[in-house]
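Read in the UniProt record's numbering, the sequence shown has 95 at position 95, and its numbers run on one by one without any break.
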Amino acid sequence: MSPVRRWSALAVLVLPVLLISIDMTVLGIAIPALSADLDPTSTQLLWIIDLYSFLLAGLLVLMGSLGDRIGRRRLLLIGAPIFGLASVMAAFATTPEMLIAARALLGLGGATLMPSTLGLLRSIFPERAERRIAIAIWAAAFSGGAAVGPVLGGFLLEHFWWGSVFLINAPIMFVFLIACALLVPESKDPNPGAFDVASALMSIAGLLAVVYALKTAVKEPSLTVAVVALAGATILWLFVRRQRRLASPMIDVRLFSEPGFSGAVTTNVLAVFALVGAMFFLPQYLMLVQGMNPALAGLWLLPLAVSTVAGALASPVLARRIPVRAIVVTGLLLSAAGFAVATRLDDATGITTFAVASVLLGLGVGLAETLTNDVILTAAPPERAGAASAISETGYEFGGAMGTAVLGTIGLAVYARGLGDIPGLNPAQLEQARQTLGAAHELANSLPAGIGDVLRQSASDAFVAGMDLTMTVGVVVLTLAGLVAGRFLRTRDELPPTATDVAQPSVDAVASADVDTSAVVDTTDGTEANASAETTAGTATPADVEDAQPAVAVGSVGARR
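As structure tokens, then:
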């Protein structure tokens, strides 16, 4: 494949990643308008926001396995229309239940897109230096999209209704379908292993049960919630036990025995957890506490988006001179500093404080989470790179979903408990105001000026108290992530050489030895090329050849061992 064709394919594959990550955070700025129109409860609002991410995370492994069998480009061409139609359904939702259903369908569509994009990148960029740059761009699209979501949402809400934040996905998916069919080559795993439906169902059931228990326990702890949590944890334990026994597991949990691998995955999860959790509160702070319109709020969120992308793109350049571990730890500590600054926000704080917190948070996350993908691929044995990448992708989505569920639930619980009795409000009105900050402001607008002003101020104070607590949690989480990265994060180059390493050529040496990487990469007309890995400089070992050729697809869930 020519260089122009490779980089053109990358540009196409970045589109769905960008949309998927934007959809994780774009609702943050649309919450006030959505709350006023659909009047969801606080529980419904959290489901509207994070059900998408949880279903996406739960289905990633299943869809990765499907892509191994039918072809990753083919799965993209199937998933794109689902994502587009679900976006239209969400845009025109008339009830909270309808929007929740649409978000679930968006999660299903997104799950067909995410594993295929990174898997195809490994096929398209077999040489490690180019692949590191391509993965950095992919990661910049993911983290940058999460930060750009509220900015884009602010622009759309200034000119259209809240459903426009979803409707914009439809034309982009249409363009993607055409470009993908023309520019992206097909690839599949010739030996994907047995298709394990039971494992997929167990992972989804266990994850959703635990998340449901977590979301409800903070607000309404009960014996039922404890039983659901125990059931979910048991199912996930059985899932892990099943994976350890299968010859071709959906998630190869044995990879976590590699300290570098487990450290990189943990770092990714915690960094995305903090970023997406912050994006639940920051847009509401600007619009409802500071009183900005959506467009102005979007502009003030732009430094966060720009700094996130800048950090992601700078990280592979810095990695040429600075150890990867140092870059990641520095990024995490910068993000922790950003959260610490954000704890000083209140309705009287100057907007400069918000900007400083945004830049520190975005730059830190961009630096921290980009290189960890390369670490994940290199820390795992080459023949298990496919399973390693499936776990990496799942970690991204799980971290994002948990950020909203955990930090969002904590913040809203503090808000509800902090909003005390307001003179002039009856119990029903007070309960309505305690659901969300948007609901409180909407109610305040319908009340006499004196009572409305008191409610608005009390609600803003309670919201800021909840946000301060979640930002403090973010400081703790990111500091912990920095300690984990400093202790466990290792690239293969940092590890002491083993006897096998001395006897065998390095992966990069094999990759630079003019490898014919036509294995399992189809030509543009859909026919599969002959699988071969011929070198013109020496003889490579099977493990090295497998890492050099794209047969080990990044989205694979049944990696060959």
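Beta carbons are placed, not taken as given, at the ideal position from N, Cα and C, and that holds for glycine.
In whole angstroms, what is the alpha-carbon distance linking Met471 and Leu177? For Met471 and Leu177, the distance between alpha carbons rounds to 40 Å.
Ile172 versus Met292 - alpha carbon distance: When only Cα atoms are considered, Ile172 and Met292 end up about 29 Å apart.
Using 8 Å as the cut-off, can you tell me whether the region 230–240 makes contact with the region 357–366, which would need three or more C-beta pairs spanning the two stretches below that distance? no
Select from Ala229, Ala36, Gly153 the residue whose C-alpha is nearest the C-alpha of Ala295. Gly153
Using C-beta distances below 8 Å, list every residue in its chain close to Met202, excluding the 5 sequence neighbours before and after it, in chain order. Ile235, Leu236, Leu238, Phe239, Arg242
Might you give, ordered along the chain, the residues of its own chain that have their beta carbon closer than 6 Å to the beta carbon of Gly49, omitting 5 neighbours on each side? Reading the sequence as shown, one finds Ile at residue 49 and not Gly. The answer, listed in chain order, is Leu27, Thr404.
For Asp421, count neighbouring C-beta atoms within 10 Å of its own C-beta (all shown protein chains included) and say buried if the count is 16 or more, exposed if not. exposed
If you pair each beta-carbon of the region 329–336 with each one of the region 474–490, do three or more pairs fall below 8 Å? yes
Report all residues from its chain with a CB closer than 8 Å to the CB of Val464; omit the five preceding and five following residues, and keep chain order. Tyr285, Val289, Leu345, Asp346, Asp347
Simplified DSSP state of Glu97, which is helix, strand or coil: Correct three-state label for Glu97: helix.
Looking at C-beta atoms only, is the number of pairs between the region 134–143 and the region 105–112 that lie closer than 8 Å three or more? no
Tell me where the alpha helix (DSSP H) around Thr470 begins and ends. 449–488
Out of curiosity, what's the CA-to-CA distance linking Leu56 and Pro448? 44 Å
Enumerate in chain order the residues of its own chain whose CB-to-CB distance from Ala444 is below 7 Å, with the five nearest sequence positions on each side excluded. Gly452, Leu455, Arg456
Give me, in chain order, the residues of the same chain whose beta-carbon lies closer than 7 Å to that of Gln432; leave out the 5 immediate sequence neighbours on both sides. Ala439, Leu443
In angstroms with no decimal places, state the Cα-to-Cα distance between Phe174 and Ala428. 46 Å
Taking DSSP as the reference, what is the three-state secondary structure of residue 565? Summary: the structure shown does not reach residue 565, with the chain confined to residues 1 through 561, and so no result is reported for it.
Might you give, ordered along the chain, the residues of its own chain that have their beta carbon closer than 6 Å to the beta carbon of Thr370, omitting 5 neighbours on each side? Closer than 6 Å at Cβ, skipping near neighbours: Ala136, Ala139, Ala312, Ser315.
Are the beta-carbon atoms of Arg5 and Leu183 separated by less than 8 Å? yes
Ala310 to Gly366, Cα distance in whole Å? Their Cα atoms are separated by approximately 7 Å.
Measuring CB atoms only, is the region 79–98 touching the region 153–169, in the sense that at least three cross pairs come out at less than 8 Å? Touching, yes, given that three or more Cβ pairs across the two stretches are closer than 8 Å.
What alpha helix (DSSP H) runs, 4 residues minimum, are completely inside the region 133–172? 164–167
Is DSSP giving Leu13 helix, strand or coil here? helix
Can you check whether the CB of Thr352 is closer than 8 Å to the CB of Val341? no
Cutting at 7 Å between CB atoms, please list the residues of its own chain near Arg103, excluding the five before and the five after it. Within the same chain, Ile48, Leu51, Tyr52, Ala90 come within 7 Å of Arg103 by CB-CB distance, once the 5 residues on both sides are set aside.
Considering only the beta carbon of each residue, do Val328 and Thr372 sit closer than 8 Å? yes
Could you tell me which of Leu157, Phe280, Ala129, Gly331 sits nearest to Arg320, measuring between CA atoms? Considering only alpha carbons, the answer is Ala129.
With a threshold of 16 other CB atoms inside 10 Å of the CB of Ser2, please say whether the residue is buried or exposed. For Ser2, the number of other beta carbons within 10 angstroms of its own is below 16, and it is reported as exposed.
Cβ-based neighbour list, Met402, same chain, cut-off 7 Å, excluding 5 preceding and 5 following: Phe273
Whose C-beta lies closer than 6 Å to the C-beta of Ala86 among residues of the same chain, with five residues either side of it excluded? Within the same chain, Ala86 has close Cβ partners Ala102, Leu105, Leu106, Gly109.
Can you check whether the CB of Gly277 is closer than 8 Å to the CB of Val406? yes
Do you know how far the Cα of Arg122 is from the Cα of Thr541? Any reading at Thr541 needs caution, since the residue's pLDDT is 36, under 50, leaving its predicted position unreliable; the model's value is listed next. If you take the alpha carbons of Thr541 and Arg122, they lie about 19 Å apart.
Closest by CA to Ser187, which one among Ala462, Arg74, Leu302? Of Ala462, Arg74, Leu302, the residue nearest in Cα terms is Arg74.
For Phe176, which three-state DSSP category applies? helix
Classify Val88 as helix, strand or coil using the three-state DSSP reduction. The answer is helix: DSSP assigns Val88 an H, G or I state.
Close-in-space but distant-in-sequence residues of the same chain around Val253 (CB under 8 Å, 5 per side omitted): Val240, Gln243, Arg244
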